[in-house]
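Novice: Here it is, the structure in full.
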Amino acid sequence: MSQNPILRRCIACKKVLDRKYFLKVTRDFQNGVVFSGGMGRSAYLCPTESCFEEALKRKRLQKSLRCDIHSSVFNMLQKQLNTCIDSDTEA
């Protein structure tokens with residue numbers, strides 16, 4: 001039997017894909033906002049510049065995670081996004 005993929009929705013473009021294609025941002029009650037792991041309230045974001053800009057402009061991460069997010073978190077997410085884009089272009 002084949003397993004069904006675990007589907008998630010991008011908070012910016014609303015595209016539904018397997019969760020392995022998204023960046024995962026999680027609100028952890030002990031560590032604050034963390035990337036790519038952990039348990040807690042999570043939001044998924046496509047690894048594209050347009051989805052990042054849409055999430056930033058419309059405050060989609062704050063609404064999904066139900067918390068205020070400091071600008072340093074957005075800077076870290078931008079760096080991770082650039083890393084994902086660079087690794088995709090090299091492959």
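In terms of full-length UniProt numbering, the sequence shown opens at residue 1 and continues consecutively. We put the beta carbon where it would ideally sit given N, CA and C, even for glycine.
1. Just to confirm the assignment, what range does the alpha helix (DSSP H) spanning Ser50 have?
2. Give the secondary structure of Phe74 by DSSP, where H, G and I count as helix, E and B as strand, and everything else as coil.
3. Please confirm whether Arg19 and Ile6 have their CB atoms less than 8 Å apart.
4. Can you give me the C-alpha to C-alpha distance between Gln3 and Gln80, rounded to a whole angstrom?
5. For Lys24, which beta-bridge partners are listed by DSSP?
6. Can you give me the Cβ contacts of Leu56 inside the same chain, cut-off strictly under 8 Å, excluding the 5 residues immediately before and after it?
7. Taking the DSSP output, what are the residues bridged to Leu17?
Specialist: The answer reads as follows:
1. For this step, residue 50 is matched to residue 50 along the sequence shown. Per DSSP, Ser50 belongs to the alpha helix (DSSP H) from 49-57.
2. Counted from its first residue, the sequence shown places residue 74 at position 74. Phe74 falls in the helix class under three-state DSSP.
3. Position 19 of the sequence shown holds residue 19. Position 6 of the sequence shown holds residue 6. Yes. Within cutoff.
4. Residue numbering aside, residue 3 sits at position 3 when the sequence shown is read from its first letter. Residue numbering aside, residue 80 sits at position 80 when the sequence shown is read from its first letter. Taking the straight line joining both Cα atoms gives about 29 Å.
5. As a first step, residue 24 must be located in the sequence shown, where it is residue number 24. Paired residues: Tyr44.
6. Within the sequence shown, residue 56 is the residue found at index 56, counting from 1. Hits under 8 Å: Phe74.
7. In the sequence shown, counting from the first residue as 1, residue 17 sits at position 17. Here Leu17 is bridged, per DSSP, to Arg8.
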